[in-house]
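Visitor:
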Amino acid sequence: MSNERFASVWEAISESPAEAENMKLRSSLMIALTEHIKREGLTQAQAAKLLGVSQPRISDLNRGKIDLFSIDTLVNMLSAAGLHVEVQVAKAA
Numbered sequence: 403m404s405n406e407r408f409a410s411v412w413e414a415i416s417e418s419p420a421e422a423e424n425m426k427l428r429s430s431l432m433i434a435l436t437e438h439i440k441r442e443g444l445t446q447a448q449a450a451k452l453l454g455v456s457q458p459r460i461s462d463l464n465r466g467k468i469d470l471f472s473i474d475t476l477v478n479m480l481s482a483a484g485l486h487v488e489v490q491v492a493k494a495a
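Each number in my numbering comes from the position in the sequence shown (counting from 1) with 402 added on.
#1: Quick one: Cα of Leu452 to Cα of Ala494, how far?
#2: Rounded to whole angstroms, how far is the Cβ of Leu463 from the Cβ of Thr436, which I believe are closer than 8 Å?
#3: Would you identify the three-state DSSP class for Val477, choosing helix, strand or coil?
#4: Could you tell me if Ile460 is buried or exposed, where buried requires 16 or more neighbouring beta carbons within 10 angstroms of its beta carbon?
#5: CA-CA distance, Ser481 and Ala434?
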């Protein structure tokens, strides 16, 4: 058993630092989108119509199926929801 420590779960399950960063970003976007849907009180069907996707895609989003969503797709969905995405870039620790 390894005693290696990771800064995040994404680093632990990713094969590279780049993949970990990609997963962290997708996770943040998915959380923002699911929180918005909940805050607005939308059903899965209503959210799907608003975001221009199918109801099963909203179900995948709610279940955290991160591997099914690209950054582009999530940004497009957030934009369709009337949300603005800002990115902050910092030097790696």
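Even glycine gets a Cβ: it sits at the ideal position worked out from N, Cα and C.
What you are looking at is a predicted structure, and each value in this text was computed from that prediction instead of being measured.
Guide: For this structure:
#1: Whole-angstrom Cα-Cα distance: 36 Å.
#2: Yes, Leu463 and Thr436 are in contact; Cβ-Cβ is about 6 Å, under 8 Å.
#3: Here Val477 carries a helix assignment [DSSP, helix/strand/coil].
#4: Buried, because 16 or more other Cβ atoms sit within 10 Å of the Cβ of Ile460.
#5: A straight line joining the alpha-carbon of Ser481 with that of Ala434 spans about 12 Å.
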